[in-house]
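Letter by letter, the sequence shown follows residues 1 to 244 in UniProt numbering. Each residue gets a CB set at the ideal place from its N, CA and C atoms; glycine is no exception.
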Amino acid sequence: MGGSQNQTNTKNIIDINLRMFFNIIHNIDLVERIIYFGSGAEYDKRKPIVSVKEEKFGQNIPGDDYGFYKYICSQYTQRLNSKKLICLRLFGVYGPHENYLIRFISNAIVKNLLHLKIKINQNVNFDYLYVNDLNLVLNYFLHHNPKHYIYNVCSGTKTSLLDIANKINQLSNYHSKITIINKGLNNEYTASNSRLINEVKNLKITTIEQGIKTLLDWYNENLDLLNKKEIINDKYANLCVVKK
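The structure is reproduced here in C-alpha cells:
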C-alpha cells in the first residue's frame with residue numbers, strides 16, 4: 001500500500017499515504033491478515049545503512065518524507081503487536097515491468113541493448129533482490145503464521161552500481177561505455193536477511209548474475225515495447241541525491 005516512490009512530485013506524500021494506510025488498517029478485524037511493503041528508507045538514508053538488522057529500527061528518524069511515512073507505519077505495526085499486520089521491509093527490488101526510465105538495473109540494461117552508454121551519478125553499494133524472490137516470500141507469509149511483525153526482505157548481499165554495469169556488459173553482446181559522474185561512494189543501502197532466512201527455510205535467493213541475465217533476456221524479447229526516445233532523453237538521470 002502507498003504511492004509509488006517513482007513519483008517526482010512528492011507533495012503531501014506523508015498525509016496522502018498515511019491516510020491510505022490507516023483507512024486500510026481500520027478494517028483489519030475484517031480480514032485474516034494485512035501484509036504491506038515497508039522500505040529500507042525507514043532506517044534513515046542520510047547515513048550509511050550497512051547490513052542493518054531489524055533490531056536497529058528506531059535508532060534514527062528519517063529526514064525525508066517517504067522514509068518518515070514508512071517509519072510511522074512500522075512504529076504503528078510494532079505497537080499494535082499483532083500477527084494480523086506484517087511489514088515486509090524492502091530494499092532494492094528489481095525485475096520485469098518496473099520503471100526502466102528510473103530503476104538503475106533496468107535502465108542500464110535497456111541502454112546497453114540500445115547501444116547507449118551507462119551513466120552512474122555516483123557509485124554506491126546496494127542490496128538488490130529479484131522480484132520473483134519477493135513473490136516467494138509474499139506467498140510464504142500468506143500461508144504461514146509469522147514469528148515476527150517486521151522482516152527485512154533482501155538478498156543479504158551488497159553489490160555496487162559499477163559492478164552491476166560491468167556484469168551487464170559481460171552478459172550482453174554489446175559493451176557499453178560506463179560513466180561515473182560524481183566521485184566517491186554514496187551512502188550504503190544494505191541489510192541483513194537473517195531473520196527472514198531463519199524463518200523461510202527453503203528460500204533460495206537469486207544471484208545478481210542470474211537476475212541480470214533473466215532481465216536482460218526479457219528486455220531483449222520486448223525491445224519493441226520500449227520508449228526509446230525517453231530512454232535517450234534520460235530526463236531522470238540527475239534526480240539521484242549525491243553525497244558530497
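query	result
Whether residue 246 touches F22 by CB criterion (8 angstroms)	Residue 246 lies beyond the residue range present for the chain, which begins at 1 and ends at 244; the question has no answer from this structure.
Assigned secondary structure, F37 (DSSP; H/G/I helix, E/B strand, else coil)	strand
Touching by the beta-carbon criterion (3+ pairs, under 8 angstroms), the stretch 105-117 and the stretch 53-72	no
Helix, strand or coil at N225 [DSSP, three-state]	Note on identity: in this sequence residue 225 is Leu, with Asn being the wrong assignment. Helix at L225.
Helix, strand or coil at I232 according to DSSP, with G and I counted as helix	helix
Inter-stretch contact (C-beta, 8 angstroms, three-pair minimum) for the stretch 121-136 and the stretch 199-209	yes
Pair within 8 angstroms by beta-carbon distance, N186 and K47	no
Under the three-state DSSP convention, the category N173 falls into	coil
Among Y140, I164, R79, V153, the one whose alpha carbon lies nearest that of K119	I164
T8 burial status per 10 Å Cβ neighbour count (16 or more: buried)	Here T8 scores only 49 on pLDDT, less than 50, and its place in the model should not be relied on; the value that follows carries that caveat. Burial call: exposed.
Closest residue to I72 among K45, G92, G38 (Cα-Cα distance)	G38
Distance between D29 and L226 (C-alpha atoms, nearest Å)	43 angstroms
Span separating the alpha-carbon of I16 from that of L80	21 angstroms
H143 versus S192: straight-line alpha-carbon distance, rounded	23 angstroms
Sequence-distant residues of the same chain with beta carbon closer than 6 angstroms to Q122, five excluded per side	N182, N186, V242
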